Amino acid sequence: MSTAAFPEGFIWGVSTSAFQIEGATSADGRGQSIWDTFSADRADACDHYHRYREDVRLMKDLGMAAYRFSVSWPRVFPDGSGKLHAAGLDFYDRLLDELLDAGITPYATLYHWDLPQALEDAGGWPSRDTARHFADYAAAVADRLGDRVDTWFTVNEPWVAAFLGYGSGIHAPGRESAADAFRAAHHLLLAHGLGAQALRAAGAARVGGVLNISPVMTPGQVSDAGRALSAEDAEAVARIDVLANRQFLEPMLRGAYPPELLPIIERTAGLGHVHDGDLELISQPMDLLGVNYYTPLVVQAQPSEPADPAYPGSEGVLFCTVPTAVTAMGWPIVPGCLTHLLRRLTAEYPDTELMITENGADFVDVVTGGGIHDVERISFIEEHLRAVRAAVQDGAKVRGFLVWTLLDNLEWADGYRRKFGLVHVDFATQRRRLKDSALWYRDVIKRNGLTETRPKRPTLETVAARSGVSRATVSRVVNGEASVSPEVRESVLRAVRELGYVPNAAARSLVTRRTNTIALVLSVPRQGGDQLTAAVVQYVTSLLEGAGKQITLMLADTADSHRRIVQHVQAGLVDGVVLLPPDRGDTLAERLSRTGVPIVLLGKPAIASMMPYVDVDNAGGAKAATEHLLARGRRHIGMICGPMDLVAVQDRLDGHRTAMRQANRQPMLALADLTRSSGAAATEQLLSDDPALDAVFAATDQLAIGALQAAREAGRRVPEDLAIAGFDDIDAASATTPGLTTIRIPVADQALAVARLLLSRLEGRHTESVVLPTRLVVRDST
Ligand code: FCB
598 MSTAAFPEGF IWGVSTSAFQ IEGATSADGR GQSIWDTFSA DRADACDHYH RYREDVRLMK
658 DLGMAAYRFS VSWPRVFPDG SGKLHAAGLD FYDRLLDELL DAGITPYATL YHWDLPQALE
718 DAGGWPSRDT ARHFADYAAA VADRLGDRVD TWFTVNEPWV AAFLGYGSGI HAPGRESAAD
778 AFRAAHHLLL AHGLGAQALR AAGAARVGGV LNISPVMTPG QVSDAGRALS AEDAEAVARI
838 DVLANRQFLE PMLRGAYPPE LLPIIERTAG LGHVHDGDLE LISQPMDLLG VNYYTPLVVQ
898 AQPSEPADPA YPGSEGVLFC TVPTAVTAMG WPIVPGCLTH LLRRLTAEYP DTELMITENG
958 ADFVDVVTGG GIHDVERISF IEEHLRAVRA AVQDGAKVRG FLVWTLLDNL EWADGYRRKF
1018 GLVHVDFATQ RRRLKDSALW YRDVIKRNGL TETRPKRPTL ETVAARSGVS RATVSRVVNG
1078 EASVSPEVRE SVLRAVRELG YVPNAAARSL VTRRTNTIAL VLSVPRQGGD QLTAAVVQYV
1138 TSLLEGAGKQ ITLMLADTAD SHRRIVQHVQ AGLVDGVVLL PPDRGDTLAE RLSRTGVPIV
1198 LLGKPAIASM MPYVDVDNAG GAKAATEHLL ARGRRHIGMI CGPMDLVAVQ DRLDGHRTAM
1258 RQANRQPMLA LADLTRSSGA AATEQLLSDD PALDAVFAAT DQLAIGALQA AREAGRRVPE
1318 DLAIAGFDDI DAASATTPGL TTIRIPVADQ ALAVARLLLS RLEGRHTESV VLPTRLVVRD
1378 ST
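Residue numbers (this note's numbering): 598 to 1379.
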């Protein structure tokens, strides 16, 4: 078998961390860490503290060349600082000897998130002292273990420690303060610098840091990396890249914060914590950058979005779920990103040597008498190794690859239910069992590479042959059909387990006859709706394509086209339909729903039905706009309605009426179509109906822009004489003089919701309609 080889001397191994595997949290004078306090789970973990010999032996048998572990700070300084507890280092002494005996090179991480609780009580990472104590700790550990550690890593994933620990609070110590998160980030960087200095002073041979680097992209780029971005999306991507990646890369490797970041830090936390000389300290020469990669960050511009607490400064950016294959954690599987990431690091920091210090996946493992056939984990790691190899062939200086992780362990806030190990651990007995992935990895190490051709996976035929039934029967079982006897079902499932078979599209479609094609049916884009329609088509297409669906775009503009569309769907040529917008009271939606093919509507249908739809809260938005006008002291408020056969217009009128009724005011209405000129005409009419008119609420921004024109022509000053509010927040609304107060509707969210709803329906899950909130945007026109 030919080999997709890696460079000679490529380092293969695994990574672990102290809190996640050691257990023995009160043994031999260990102090408390923030994770002992925070974690809901008993921290016995894998009892590696006592079973390290067995674990080293496992690694040796698997042929590992390298082992990255972390030292537990509270074992060495139970109070975080002050007096060294030398006995706390005995364990690592023994571990290192065992590793070296086994021919395994030790890579030691000093900080993998288990801060001594005493230091948290004294201020934690937002306090500068913590970085100084870290340097003392680094010196003490290097002094004792330095003769046997090949490479030291200072801090693991400072982004996670700072922003999940102090920003969103989903990690220990669970604080929720954006200012603290930025301060913690800076002090973790400082700890890296001071720690590196201390390690060198103690004679350390090689020093590095470990970052989680997440490529940032839009949903569209997940399936098409080269896709061009709108200016707004490009800005969103760049900003999140700064917050997640460059915030750490640039200080460490270039001695400066990215210029775009400083104003964000300053307005959130001030800059008082960044002292002169800090950045020189942080940018100590580094021998190796450890890169942890699991999944990309997928974002797009979404003006109404508040900042995510894990990314303070991310206002106006939506973090998207993409309908791609995911691990059990829900992390999208995108191996190609790792190639891009390594190419990028090589281009931007050409002198820095790299090592993949973590990569791996959580999947649900099925333990059978015959073993643990974790084919998904194998294929995850294999695909990522191919991605690494592609980058290496392009010249990326990647020195090795460490799988996360050796053992199923205590996965932080998620506890024991996450399974990242190559080795299964039964936590009741502490019994270790190799999964297939461990044996597969052993072979990769042995041949220093992958097989050129991907291993043959068991197919539908193999399962059918093993269980002695037809392919269609296997497909029925896989699809959960009831028409299969319990005995046959049991024997098929046994074969599935034993062979480690993962059902693919063929198995799923044999009985269900899936086409993997979705019809996106557009009614003629009406005036004013184009912007929304265009955006929705773009998002829905890229999201569904990302989920492996093909899109057929169909235009519903004539009775004849309606007939053809219904025939097409009836003929079983598509799996599902997205219909937008179904405003007019036509019958297309009804006729399509009778075909039995799952259908999702964008916009509430005119005739109530069982079809799920996605819409925005039109009534709520109109009510908010009207209440805003009332709150500004306006009493003579007219509303310009659009065509009353549009459901959205009916809902906006309802909302307006509700607000007026609650304020004991009589509504005054003028009808219009959807053009600016009709908005102007309606305004003239309202002015002549009630010369005391002091406000206009228009059902759309286009109509409101017409109202602005009419007010100007009638010599009314906006907003002094006449306040004007619109709806939709189209681009033009912020460009009028004065800027238009309006109601913002979440465009991308609607598209996302439509795509998700359809995907759930295709999977046969129960679905409910989604109504998304709108938001009042106040500008000068009111
Ligand atoms: C990384 C951590 C590691 C483990 C994996 C799944 O962020 O460094 O400890 O939790 O994720």
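For each residue, glycine too, the CB sits at the ideal point set by N, CA and C.
Small disclaimer: the values here were computed from a predicted structure and weren't measured.
Item                                                                                                                          : Value
Coarse secondary structure for ALA759, derived from DSSP in three states                                                      : helix
Cβ distance (whole Å) where LEU808 is taken to contact VAL888 below 8 Å                                                       : 7 Å
Cutoff 6 Å; reference ALA1102; Cβ partners in own chain excluding five residues on either side                                : Note on ALA1102: pLDDT 48, under 50, position unreliable in the model; the coordinate value appears next. Within the same chain, ALA1102 has no close Cβ partners at all.
Run of the alpha helix (DSSP H) containing GLY1276, from where it starts to where it stops                                    : 1273–1286
Any alpha helix (DSSP H) of 4 or more consecutive residues that is wholly inside the region 859–905                           : 875–879
Under the three-state DSSP convention, the category THR634 falls into                                                         : helix
At least 3 beta-carbon pairs within less than 8 Å: the region 1238–1250 vs the region 1287–1297                               : yes
Continuous beta strand (DSSP E) assignments of at least 3 residues falling wholly in the region 1008–1068                     : 1020–1023, 1028–1031, 1046–1048
Segment contact, 8 Å Cβ cut-off, at least three pairs: the region 1320–1339 with the region 1212–1224                         : yes
Test item: CB-CB of VAL1000 and MET952 under 9 Å                                                                              : no
GLY1235 - containing beta strand (DSSP E), residue span                                                                       : 1234–1238
Chain-order list of residues whose beta-carbon lies under 8 Å from that of SER1080 (same chain, five-residue window excluded) : ARG1073
Contact between the region 668–688 and the region 618–634 (3+ Cβ pairs under 8 Å)                                             : yes
Contact under 9 Å by Cβ, SER614 with TYR704                                                                                   : no
Segment contact flag, the region 921–932 with the region 856–875, C-beta cutoff 8 Å, min 3 pairs                              : no
Beta-ladder partner(s) of ILE810, from DSSP                                                                                   : DSSP, once it has assigned bridges, lists no residue as partnering ILE810.
ASN1215, enclosing alpha helix (DSSP H) - first and last residue                                                              : 1215–1228
Beta carbon of ALA737 nearer than 9 Å to that of ALA798                                                                       : no
Beta-carbon contacts of ALA1308 that lie in its chain and below 6 Å, excluding the five residues immediately before and after : VAL1315, LEU1319
Contained beta strand (DSSP E) runs [length at least 3] in the region 909–996, N- to C-terminal order                         : 914–916, 951–955
Cβ-based burial, SER976 [other Cβ within 10 Å; buried from 16]                                                                : buried
Host beta strand (DSSP E) of GLN1147 (start-end)                                                                              : 1147–1153
Closer than 8 Å: PHE1017 CB and nearest ligand 1 heavy atom                                                                   : yes
Straight-line Cα distance separating GLY685 from ARG941                                                                       : 41 Å
PHE607 versus LEU655 - alpha carbon distance                                                                                  : 20 Å
Selected residue, minimal CA-CA separation from ARG665, among VAL1194, THR954, VAL1022                                        : THR954
Three-way DSSP call (helix, strand, coil) for TRP670 in this model                                                            : helix
Range covered by the beta strand (DSSP E) that runs through SER1120                                                           : 1114–1120
6 Å Cβ shell around ALA1304 - same chain, five flanking residues per side excluded                                            : GLY1276, THR1280, VAL1293, ALA1295, ILE1321
Three-state secondary structure assigned by DSSP to SER1072                                                                   : helix
Integer-rounded CB distance, given that ALA759 should sit under 8 Å from GLU829                                               : That belief does not hold up - the Cβ atoms of GLU829 and ALA759 are roughly 27 Å apart, past 8 Å.
Selection from ALA1289, GLY1312, SER1378 that minimises the alpha carbon distance to SER1331                                  : SER1378
For THR600: DSSP bridge partner residues                                                                                      : THR1048
Assigned exposure category for PRO816 - 16 Cβ within 10 Å defines buried                                                      : buried
Cβ shell of TYR890 (< 7 Å), same chain only, five flanking positions each side left out                                       : ILE810, LEU935, LEU938, ILE953, ASN956
Minimum C-alpha distance to ARG1376 - residue among VAL804, VAL1071, THR1333                                                  : THR1333
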